[in-house]
Each structure stands twice: as structure tokens, then as C-alpha cells.
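> Be aware that the sequence shown starts at 1, since it is given in my numbering, and climbs by one per residue. C-beta atoms are modelled at their ideal positions from N, C-alpha and C, and glycine is treated no differently.
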Amino acid sequence: MFVSPTYGPLELDQVIKRMCNFMAQEGNYRIIVGTDSQLLISSTLFVSAIVVHRIGRGGIYFYKKTYDSKPYSIKERILTETSMSLTLASEILQLLAQDIILCEQYRQLLEIHLDVGEKGLTREILNMVVGMVKGSGYVAHIKPDAFAASCVADKYTKSA
1 MFVSPTYGPL
11 ELDQVIKRMC
21 NFMAQEGNYR
31 IIVGTDSQLL
41 ISSTLFVSAI
51 VVHRIGRGGI
61 YFYKKTYDSK
71 PYSIKERILT
81 ETSMSLTLAS
91 EILQLLAQDI
101 ILCEQYRQLL
111 EIHLDVGEKG
121 LTREILNMVV
131 GMVKGSGYVA
141 HIKPDAFAAS
151 CVADKYTKSA
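#1: Name the residue from K143, I60, V33 and K75 whose alpha carbon lies nearest to the alpha carbon of R18.
#2: Classify L10 as helix, strand or coil using the three-state DSSP reduction.
#3: Which value, in whole angstroms, describes the spacing of the CA atoms of T66 and H53?
#4: Between Q108 and A97, what straight-line distance do the alpha-carbon atoms span, to the nearest angstrom?
#5: Check each candidate in A148, L93, N127 and Q25 and name the one with the smallest Cα separation from L79.
#6: Rounded to whole angstroms, how far is the Cβ of S48 from the Cβ of M84, which I believe are closer than 8 Å?
#7: Pull up the DSSP beta-bridge partners for F46, would you.
#8: Would you report the Cα separation of L95 and L86, rounded to the nearest angstrom?
#9: Report the rounded CA-to-CA distance for M123 versus G117, giving the unit in angstroms.
#10: Taking just the CA atoms, how far does F22 sit from Y29?
#11: Using only CA atoms, which one of I142, A146, I31 and E26 lies nearest to L88?
#12: In whole angstroms, give me the CA-to-CA distance for H113 and T35.
#13: Check for me: the alpha helix (DSSP H) holding L114 runs from which residue to which?
#14: Take the Cβ of L93 as the centre, count every other Cβ of all protein chains shown within 10 Å, and call the residue buried at 16 or more, exposed below.
#15: Hey, E81 and D115 are a contact pair by Cβ (cut 8 Å); roughly how many whole angstroms apart?
#16: The beta strand (DSSP E) with A148 in it runs from where to where?
#17: Which class does R123 belong to by DSSP, given the choice of helix, strand or coil?
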């Protein structure tokens, strides 16, 4: 179940409808998927975010929390975050596939934001996860340009 601060709880197909309605308005758009994680006392919290950015004029977002009882190393968490974002991007495109033109148009707009950067612990696997995203046919963004993961999803890992 996804949550939207604007629309409340939604299933993914309802998220897609809200996205399409929002993007039917005039403007240029980006669809961004990003995931962040947080180690908790007895589990790991993953938060995946879908952001629809109307360039220069705001946007809307949706997020989903997933708990896993397994403790993850930083490398495992980043790889899992990347995998979850890629899976979500594929699910979005599958739901849009009912309209082939729309699906291809939105695929061109879709970006994956990774919670990795050239500084810090994550730099060791930066090339690996960027390669995973690019190899899957998506544009990859890293910190400081990865706001869907490092700001939107991160916000909801802190409110577990």
C-alpha cells in the first residue's frame, strides 16, 4: 500500500491513475523512483518513493514502507534499495503498458535516484548500482541530485 500526503493510502494502480491525471495538465514532467533504508532495532525499513515532478512547478509523491526482519550490511542495503527501485519502475511501466504510446513516453521520463554518492561509505558500490540502473535502461542519479531517495524516501525512514 502506498501513501500520498495529498490523496492518502492507495494501491499501485490507483497511484498510476493519480500520476496520469496530474501529468495530463500542461507542463514538462519527470517520473522519479528512489528507495532509502534505515536499520531499526529488530528489522530494516525500506521506503520507496515515486515522485512526479512538474518541472518548475512542484509535484506530487507517493511512498511505500517495507519492513524486513533481516539485518543488512550497508552494501546489502544499497543493493536492495536499487533492486526495489528497479522493480517498482518496472511495475509502473507494466501498469502503463495498457497504452503502448503512454508507456513508451513515460519510460523516457523515468529516472532512478540512488542513495549513493562519491563521498562516504557508499562510494565503493556506486559504479555497481549505477551500472545496474543503466543496464536496465533507466537514467541513474546519485547524491546530491538523488532527491527522491535522499530526501523524500529518507524522510519516511525517520518516521518509522
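By the coordinates alone:
#1: Along the sequence shown, one-based indexing puts residue 18 at 18. Of the listed residues, the one whose Cα sits closest to R18 is I60.
#2: As a first step, residue 10 is located in the sequence shown; it is residue number 10 there, counting from the start. Strand, per DSSP.
#3: Counting from 1 along the sequence shown, the entry for residue 66 is found at position 66. Counting from 1 along the sequence shown, the entry for residue 53 is found at position 53. Approximately 24 Å between the Cα atoms of the pair.
#4: In the sequence shown, counting from the first residue as 1, residue 108 sits at position 108. In the sequence shown, counting from the first residue as 1, residue 97 sits at position 97. One C-alpha to the other measures close to 13 Å.
#5: As a working mapping, residue 79 is identified with position 79 in the sequence shown. Ranking A148, L93, N127 and Q25 by CA distance to the CA of L79 puts N127 first.
#6: Here the question's residue 48 lines up with position 48 in the sequence shown. Here the question's residue 84 lines up with position 84 in the sequence shown. That belief holds up - the Cβ atoms of S48 and M84 are roughly 5 Å apart, short of 8 Å.
#7: On the sequence shown, residue 46 is found 46 positions in, with the first residue counted as 1. In the DSSP output, where bridge partners are listed per residue, F46 has S37 and T66.
#8: For the purposes of this step, residue 95 is taken as the residue at position 95 of the sequence shown. For the purposes of this step, residue 86 is taken as the residue at position 86 of the sequence shown. Cα-Cα distance, rounded: 14 Å.
#9: Locating residue 123 in the sequence shown gives position 123, where the first residue counts as 1. Locating residue 117 in the sequence shown gives position 117, where the first residue counts as 1. As written in the sequence, residue 123 is Arg, which differs from the Met given in the question. Taking the straight line from one Cα to the other gives about 6 Å.
#10: Your numbering for residue 29 matches position 29 in the sequence shown. Your numbering for residue 22 matches position 22 in the sequence shown. Distance between the alpha carbons of Y29 and F22: 10 Å.
#11: Along the sequence shown, read from residue 1 onward, the residue named residue 88 stands at position 88. For L88, the nearest C-alpha among the options comes from I31.
#12: Numbered from 1 along the sequence shown, position 113 holds the residue referred to as residue 113. Numbered from 1 along the sequence shown, position 35 holds the residue referred to as residue 35. The straight-line gap from Cα to Cα measures roughly 8 Å.
#13: In the sequence shown, residue 114 corresponds to position 114, counting from 1. Run containing L114: none; DSSP gives neither H nor E here.
#14: Translated into positions along the sequence shown, residue 93 becomes position 93. Taking every protein chain shown into account, the CB of L93 has 16 or more other CB atoms within 10 angstroms, so this residue is buried.
#15: Taking the first residue of the sequence shown as position 1, residue 81 is located at position 81. Taking the first residue of the sequence shown as position 1, residue 115 is located at position 115. The distance from the Cβ of E81 to that of D115 is about 6 Å, consistent with a contact at the 8 Å cut-off.
#16: The sequence position of residue 148 within the sequence shown is 148, counting from 1. Following the DSSP letters along the chain, one finds A148 in no beta strand (DSSP E), marked with neither H nor E.
#17: As a working mapping, residue 123 is identified with position 123 in the sequence shown. Helix.
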